[in-house]
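What follows is one structure encoded as structure tokens, with my remarks underneath.
Here is the structure:
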């Protein structure tokens, strides 16, 4: 787990969605703003891809 976290953080700066997206998704207005900026379609897929590639190398 530590290796995954370290590698993902090195590549993306954090493993925390708030830091990755720049919005606190637990706050309705910030969640709505992140949706308006289409972050779930523009940023999140790359984070999922990065996580998948890291895990593939680890397995």
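Residue numbers (the working numbering): 52 to 110. Note that beta-carbon positions come from the ideal geometry of N, C-alpha and C, so glycine has one too.
Excluding the 5 residues preceding and the 5 following residue i in the sequence, name in chain order all residues of the same chain whose CB lies nearer than 6 Å to its CB.
| i | result |
| --- | --- |
| residue 82 | 76 |
What does a CB cutoff of less than 8 Å around residue i pick up in its chain, not counting 5 residues either side in sequence?
| i | result |
| --- | --- |
| residue 65 | 71 |
| residue 68 | 76 |
| residue 56 | 66 |
In the structure shown, what three-state DSSP assignment does residue i receive?
| i | result |
| --- | --- |
| residue 98 | helix |
| residue 80 | helix |
| residue 88 | coil |
| residue 66 | coil |
What first and last residue would you give for the alpha helix (DSSP H) that runs through residue i?
| i | result |
| --- | --- |
| residue 62 | 53-63 |
Here's the rule I'm using: 16 or more other beta-carbon atoms within 10 Å means buried, otherwise exposed. How should residue i be labelled?
| i | result |
| --- | --- |
| residue 91 | exposed |
Excluding five sequence neighbours on each side, which residues of the same chain lie with their C-beta closer than 7 Å to the C-beta of residue i?
| i | result |
| --- | --- |
| residue 101 | 59, 62, 63 |
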